[in-house]
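To start, the structure under review is shown below, and the notes come after it.
Protein chains in written order, with the numbering used here: chain D, 15 to 305; chain Z, 15 to 305; chain L, 15 to 305.
Below you can see the structure in the form of structure tokens.
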């Protein structure tokens with residue numbers, strides 16, 4: 015009889031996410047161990063406990079999930095976790111702090127339903143934030159020519175360089191989008207716009223995006239009004255508006271949830287997986303292909 | 015196949031109650047998520063995680079339990095929890111900080127076995143504490159004429175007014191019971207006495223309660239000697255003493271536990287319940303009627 | 015139908031041990047309640063919650079595990095836990111802070127496979143530490159004549175007296191082993207050496223132990239190089255080297271894990287067990303006898 019599936023939830027917040035916990039249970043986890051306020055220093059003891067308890071034949075039935083609101087803290091924690099592994103002594107790990115990977119994957123998959131991303135031009139608004147950076151990475155990985163928008167050119171260019179350094183063949187450019195005029199300039203010729211801004215901040219006006227002639231798909235990931243893309247409804251899901259396809263945050267949410275569950279289930283297929291942006295996107299892609 | 019039953023235990027103490035956790039498991043909860051040191055500020059993130067993960071058809075399989083030693087903190091937390099809900103987006107909630115609701119319900123149910131509470135006269139000693147206030151509310155809701163005893167008249171009257179404000183048709187009076195003489199005066203003509211004081215404090219002497227001619231039932235909720243009602247044994251359960259029926263804290267405990275378990279099970283019948291004093295009393299009442 | 019098996023994990027560290035949690039699940043625990051940063055002051059509330067929820071017939075389905083890196087804190091916590099019990103109102107408890115009991119039991123069992131401990135002469139290096147003390151206790155309990163080695167004679171003698179006070183008929187002597195010469199003097203005539211030192215500290219040279227003519231078994235419990243016994247491999251398991259039988263930390267680990275799992279399972283056989291060094295050794299012994 016195979017051993018129970020154990021997920022070790024390492025969360026950087028005061029309280030480990032209830033959202034992630036419910037999704038874990040609904041993805042087939044039998045025993046969830048919740049850990050809160052986990053820092054990089056705590057990783058070794060916790061991860062060794064996961065690595066050194068079950069034999070090689072059962073090690074894939076134990077996995078680690080890294081979450082919490084602070085994406086940078088989660089990134090550092092994932093690195094600390096994977097640094098504990100050596101050779102075959104390891105367990106699979108998924109990183110989804112603040113839903114960043116599953117959200118970015120769901121957004122790029124939504125875009126890919128309506129236009130071929132290879133060679134397409136895409137603009138990510140708030141492209142230097144955790145979700146924006148991941149959306150940019152995934153778009154670049156699919157062969158899109160990507161502009162990352164930010165309020166300052168310097169931050170945008172640094173973020174673009176980071177993506178180009180980690181995605182082979184990436185074509186990413188930092189652009190400044192601090193006002194309506196700059197945003198319109200950046201958006202004018204693109205096929206895809208993804209707005210990955212913080213709650214309650216409008217990033218582009220309806221007048222601006224409806225005037226972009228090439229635009230095929232526009233996706234907003236902010237669920238709290240005012241939304242990031244004026245005129246896009248939170249529940250929009252492949253809605254045709256002004257000849258463009260629109261998605262709102264909740265409209266993308268169903269895909270995000272499916273990806274999250276499939277990724278958790280995937281963790282238990284082998285003990286050597288690290289599920290970060292690209293891997294989680296690939297899982298989402300295989301779900302689209304199957305349906 | 016229906017989803018596992020998840021209970022999110024939100025506890026205001028350093029460590030979430032083991033007592034509440036064991037009862038949850040024994041009431042059919044499949045997955046218990048324990049959260050400690052939960053404050054009003056933490057509620058939104060935790061409750062949103064419970065609300066936004068499962069679809070409407072499965073939302074009744076997730077519920078929230080509020081506990082901890084500090085009843086006032088629990089009351090504030092329940093309010094913060096229910097404030098997160100909107101429309102059908104909600105999960106059921108039970109409040110039982112320090113066992114206050116299940117204990118008060120069990121005490122009033124015990125009294126109701128031996129006398130018709132409608133029109134009866136009842137005295138709650140330590141009536142301004144968390145359990146006493148709830149016992150007073152429940153007695154008033156059953157149509158009893160209630161006296162709430164306290165060491166100061168002002169606190170007693172304020173508490174009585176609070177109950178009259180929230181229970182329609184309630185007849186509640188604050189009385190001062192700071193010494194033997196005052197307590198006897200308050201008790202002299204009542205049918206029911208419930209002593210809801212703190213551990214180790216005697217609230218009424220045996221000479222006093224045995225001299226009350228109308229008294230039919232006297233219930234003590236303090237399990238730690240000296241008990242609240244002199245001469246009543248901690249394990250008394252419908253014991254006939256001096257022509258009165260007596261209950262001690264452990265004697266009421268069996269009913270309390272049955273109510274607690276039934277209330278947890280009830281949480282998972284729909285997603286729109288808020289189980290506080292009156293709802294938990296009604297659950298206890300239906301258990302008595304069934305047996 | 016019997017109630018689910020609940021293990022209450024009381025851990026003195028910032029985060030309750032993942033290692034102990036996985037082993038609990040793999041030993042048949044159905045519901046694990048994890049508590050971190052547990053102090054002596056917290057014990058009563060937590061333990062009462064375990065004692066007062068299930069009836070006598072089901073009380074053996076709830077148990078307590080005490081763990082954490084700090085063995086002295088764990089010892090104090092076990093004492094606080096057992097002080098909460100009275101009469102038949104109790105639950106079974108296992109203590110294994112830092113793996114001290116299961117490690118010491120596994121080491122002494124390994125020695126017993128190769129020599130009759132009754133009347134044998136044994137040296138425990140780093141014998142005043144938590145694992146060393148337990149190994150000394152168990153060796154003395156099996157009738158061995160024990161030397162406890164320490165860097166100072168005073169600490170060694172105090173530890174020896176503690177064991178003699180708690181193991182009837184024990185013959186334990188404190189010896190100073192602060193350098194190669196003293197260690198060789200202590201080791202020269204013994205049948206068994208167990209090195210129970212801290213990670214990365216060599217306690218005896220290969221030249222020294224290979225020159226001990228009577229030596230039959232030498233066991234090192236330090237897995238982090240440099241190991242405690244020069245020339246013994248971490249994975250050695252009954253390896254014949256220079257005519258002696260050698261065990262390294264990982265070589266003993268399999269037995270340790272089997273003992274740990276059997277001890278957890280044993281907790282649920284009755285509600286009155288306190289599994290500390292001797293009881294855990296006896297469980298290990300019965301496993302050896304069965305196989």
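Glycine included, each C-beta is placed from N, C-alpha and C at the ideal position.
Everything numeric in this text was worked out from a predicted model, so none of it was measured.
Contact list for residue i against chain D, beta-carbon separation under 7 angstroms
i                     : result
residue 28 of chain Z : Neighbours of residue 28 of chain Z on chain D: none; closest Cβ ~13 angstroms, over 7 angstroms.
residue 39 of chain L : 18, 20, 45
Boundaries of the alpha helix (DSSP H) in which residue i is found, first to last residue
i                      : result
residue 91 of chain Z  : 85-97
residue 57 of chain L  : 57-65
residue 33 of chain Z  : 32-40
residue 235 of chain L : Per DSSP, residue 235 of chain L belongs to no alpha helix (DSSP H) and is neither H nor E.
residue 159 of chain D : Not the alpha helix (DSSP H): residue 159 of chain D falls in the beta strand (DSSP E), residues 159-164.
C-beta atoms of residue i and residue j nearer than 8 angstroms
i                      : j                      : result
residue 209 of chain L : residue 126 of chain L : no
residue 67 of chain Z  : residue 33 of chain D  : yes
residue 129 of chain D : residue 205 of chain D : yes
residue 80 of chain Z  : residue 24 of chain Z  : yes
residue 298 of chain Z : residue 260 of chain Z : no
residue 251 of chain L : residue 231 of chain L : no
residue 8 of chain L   : residue 301 of chain L : Here chain L comprises residues numbered 15 to 305, so residue 8 of chain L is not present and cannot be evaluated.
residue 277 of chain D : residue 65 of chain D  : no
residue 151 of chain D : residue 190 of chain D : no
residue 57 of chain L  : residue 95 of chain L  : yes
residue 200 of chain L : residue 163 of chain L : yes
residue 234 of chain D : residue 267 of chain D : no
residue 238 of chain L : residue 214 of chain L : yes
residue 82 of chain D  : residue 31 of chain D  : yes
residue 216 of chain D : residue 244 of chain D : yes
residue 284 of chain Z : residue 74 of chain Z  : yes
residue 22 of chain Z  : residue 78 of chain Z  : yes
residue 211 of chain D : residue 193 of chain D : no
residue 170 of chain D : residue 142 of chain D : yes
Span of the beta strand (DSSP E), counted from its first residue to its last, around residue i
i                      : result
residue 3 of chain L   : The structure shown does not extend to residue 3 of chain L, since chain L spans only 15 to 305, so no value can be given for it.
residue 140 of chain D : Residue 140 of chain D -> no beta strand (DSSP E), and no H or E assigned at all.
residue 103 of chain Z : Note, residue 103 of chain Z: premise wrong, no beta strand (DSSP E); not H, not E.
residue 258 of chain L : 258-261
residue 76 of chain Z  : 76-81
residue 207 of chain Z : 206-209
residue 48 of chain L  : 45-49
Below-8 angstroms beta-carbon distance, residue i vs any chain A residue
i                      : result
residue 145 of chain D : As a matter of chain content, chain A is missing from the structure shown, whose protein chains are D, Z and L.
C-beta neighbour in chain D for residue i, strict 8 angstroms
i                     : result
residue 76 of chain Z : yes
Chain D contact residues for residue i, given Cβ-Cβ distances below 8 angstroms
i                      : result
residue 22 of chain Z  : 32
residue 63 of chain Z  : 31, 32, 33, 34, 35, 36
residue 269 of chain Z : In chain order: nothing, as chain D lies at least about 32 angstroms away.
Below-8 angstroms beta-carbon distance, residue i vs any chain Z residue
i                      : result
residue 48 of chain D  : yes
residue 142 of chain L : no
Within chain L, the residues that residue i reaches when beta carbons sit closer than 9 angstroms
i                     : result
residue 56 of chain D : 28, 29
Contact list for residue i against chain Z, beta-carbon separation under 7 angstroms
i                     : result
residue 66 of chain L : 33
residue 60 of chain L : 29, 32
Amino acids of chain Z, ordered along the chain, whose beta-carbon sits closer than 9 angstroms to that of residue i
i                     : result
residue 91 of chain L : Correct list: empty, because the minimum Cβ distance to chain Z is about 13 angstroms.
At least three beta-carbon pairs within less than 8 angstroms, the region 145-160 of chain L to the region 114-125 of chain L: Taking 8 angstroms as the limit for Cβ pairs, the verdict is that the region 114-125 of chain L does touch the region 145-160 of chain L.
Contact between the region 147-163 of chain D and the region 182-196 of chain D (3+ Cβ pairs under 8 angstroms): Pairwise C-beta distances place the region 147-163 of chain D in contact with the region 182-196 of chain D, as three or more of them are shorter than 8 angstroms.
Touch test, the region 48-67 of chain D against the region 86-102 of chain D, Cβ-Cβ under 8 angstroms, three pairs minimum: Taking a cut-off of 8 angstroms on C-beta distances, the region 48-67 of chain D touches the region 86-102 of chain D, as three or more cross pairs fall below it.
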